[in-house]
Amino acid sequence: MFPPMGCCRDDGASGSPLRRHQERKLRMLRFWRDGAERQLAALEASISTLERQMQRDEGQQPQG
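According to the numbering used here, the residues represented by the sequence shown are -8 to 55, in order.
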């Protein structure tokens, strides 16, 4: 997964090359973290839904 085009561009910013590099790296890492958090939220929702379905189905099994 790559950051969207232009998100790492630093037009006209002042500062040392090291500082600009660190800021670009920070933006990239935050972008990756946000994506990972979205994926984790989707996994948590899927797990929760499946657990509810399994509990519901346990109560509907025929007796005997």
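Glycine is no exception: its CB is placed at the ideal position from the N, C-alpha and C atoms.
Distance between residue j and residue i (C-alpha atoms, nearest Å)
i	j	result
E42	A32	15 angstroms
M45	A27	27 angstroms
D48	F22	39 angstroms
E35	M19	24 angstroms
Q51	L17	51 angstroms
G85	R24	Absent from the model: residue 85. The displayed extent of the chain is -8 to 55, so no value can be given.
S37	R29	12 angstroms
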